[in-house]
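Novice: To convert, note that position 57 of the sequence shown is 807 in our numbering; the numbers rise steadily by one, no gaps.
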Amino acid sequence: MIVVTGGAGFVGSNLVFKLNAMEFTDILIVEKLSKSSHQDNLLDCQFRDIIDINVFLSTMQKRKGHSDGIQTIFHQGANTNTTDLDKKAMFQDNYDASIAIMNICSEHNIPLIYASSASVYGYESTFVENSSNEVALNPYAESKIRVDNYFRSHRNQFKSQVVGLRYFNVYGPREKHKGPMASMVYQLHCQLKQGNTIKLFEGSGGYDSGEQRRDFIYIDDVIKTNIFFMQNPQISGIFNIGTGRSQTFNEVAKAIIQWHEQGEIEYIPFPPGLKDRYQSYTQGDLALLRQAGYVDTFFSVEEGVKAYLDKIETKIE
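1) Using the Cα positions of L950 and G929, report the straight-line distance between them to the nearest angstrom.
2) By how many angstroms is the C-alpha of E952 removed from the C-alpha of I1018?
3) Among the candidates V780, F767, L1036, R964, whose CA atom is the shortest distance from the CA of N880?
4) Where I823 and G1054 are concerned, what is the direct C-alpha to C-alpha distance, given to the nearest angstrom?
5) Taking the continuous beta strand (DSSP E) assigned at H1010, which residues delimit it?
6) Based on the DSSP secondary-structure assignment, which residues constitute the bridge partners of V753?
7) Using only the alpha-carbon positions, how far apart do G1023 and T833 sit?
8) Tell me whether the beta-carbon of L942 lies closer than 7 Å to the beta-carbon of H1010.
9) What are the complete beta strand (DSSP E) segments, minimum 3 residues, inside the region 806-871?
10) Taking the C-alpha atoms as reference points, what is the distance between G922 and I854?
11) Going by other Cβ atoms of all chains shown within 10 Å of its Cβ, with 16 needed for buried, is P889 buried or exposed?
12) Grab me the residues of I1007's own chain with a C-beta within less than 8 Å of its C-beta, minus the 5 sequence neighbours each way, in chain order.
13) Using the Cβ count rule (16 or more neighbours within 10 Å means buried), how would you classify Q984?
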């Protein structure tokens, strides 16, 4: 059996769909059912059951030395709202649950692949998996740093695989439920559909209007890296999951406009409230990922946007 926490979410549901394509159907979905409103993401997926995160943790903690045949745990569940300033609630969702799962995996020798985040780099311009490059700009990023640091400090105690994947700017199908936290690709696509205009920020952080840069990674590439580590349980560590290439918001907007064959860009003032919490540039250093043996190429923004919007036409949003 494979366990996917956050299995009804954006990355989680895409992972379940891919596992099904690989003929894995004995999958347990773990969700925060009191808040989960996106189970439609699983309508085209096969799985054993879906249970609440608290029930799962309680059950596993009582099973001393018995893992119930769990092959791998993919821990994708988290509060991903980077604007949520409720640190206590954020840490309950992201830190406490992650550490509990990490300890369960340690006790039962279950391989663990968990979602970290490139938000841990903050204002830094060096995106290498090293604690000296990490600066938390919000409670979300701080919770992710704390989980990574727990793994680092306890790494020698883990007999089974533990992998932390630092996702950069992920976009793709099954993210509609994220609302304002959905990718800029999705939000800009919706803007164009509604008013034929894409709105980007004016210059900020030393960048011209719309020239702020991010490492945008298509969801299919994220899922492929998860599967790679599942298939290589001898590898542990923390790895950047980006394309290794930053591209501008202007490039994203132009790719969307090209797909629609219409639309224009409007530049709007940079919100003062984001000034101290905004990453104007990200670009993942993939040296460790490549050293681990991952050799596949990644979608460019132009390729990924086309693939994504083609799928949205089939209503998989």
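By construction, the Cβ of each residue, glycine as well, lies at the ideal position given by its N, Cα and C atoms.
Computed from a predicted structure; not experimentally measured.
Specialist: On the basis of the supplied data:
1) Mapped onto the sequence shown, residue 950 falls at position 200. Mapped onto the sequence shown, residue 929 falls at position 179. Near 18 Å, if we compare the C-alpha coordinates of G929 and L950.
2) As a working note, residue 1018 is residue 268 in the sequence shown. As a working note, residue 952 is residue 202 in the sequence shown. Here the alpha carbons of E952 and I1018 stand approximately 6 Å from one another.
3) Residue 880 sits at position 130 when you count from the first residue of the sequence shown. That would be L1036, whose Cα lies nearest to the Cα of N880.
4) For the purposes of this step, residue 823 is taken as residue 73 along the sequence shown, with counting starting at 1. For the purposes of this step, residue 1054 is taken as residue 304 along the sequence shown, with counting starting at 1. Put simply, the backbone Cα of I823 is about 28 Å away from that of G1054.
5) Locating residue 1010 in the sequence shown gives position 260, where the first residue counts as 1. H1010: not part of any beta strand (DSSP E); member of the alpha helix (DSSP H) spanning 999-1010, first to last residue.
6) Here residue 753 corresponds to residue number 3 of the sequence shown, with the count starting at 1. The secondary-structure analysis by DSSP pairs V753 across a beta bridge with L778, I823.
7) Position 273 of the sequence shown, counted from the start, is the residue given in the question as residue 1023. Position 83 of the sequence shown, counted from the start, is the residue given in the question as residue 833. Using only the alpha carbons, I get a separation of about 10 Å.
8) To locate residue 942, count along the sequence shown from 1; it is residue 192. To locate residue 1010, count along the sequence shown from 1; it is residue 260. Using a Cβ distance threshold of 7 Å, L942 and H1010 count as a contacting pair.
9) Considered as a whole, the region 806-871 harbours 822-825, 862-867 as its complete beta strand (DSSP E) runs of no fewer than 3 residues, in chain order.
10) As a first step, residue 922 must be located in the sequence shown, where it is residue number 172. As a first step, residue 854 must be located in the sequence shown, where it is residue number 104. Each residue's Cα considered, the two are about 31 Å apart.
11) Walking along the sequence shown from the start, residue 889 turns up at place 139. Flag for P889 reads buried.
12) Locating residue 1007 in the sequence shown gives position 257, where the first residue counts as 1. Beyond the five residues adjoining it in sequence on each side, I1007 comes within less than 8 Å, by CB distance, of L942, I948, G1013, E1014, I1015 in the same chain, given in chain order.
13) Mapped onto the sequence shown, residue 984 falls at position 234. Taking all protein chains shown into account, Q984 has fewer than 16 neighbouring C-beta atoms within 10 Å of its C-beta and is therefore exposed.
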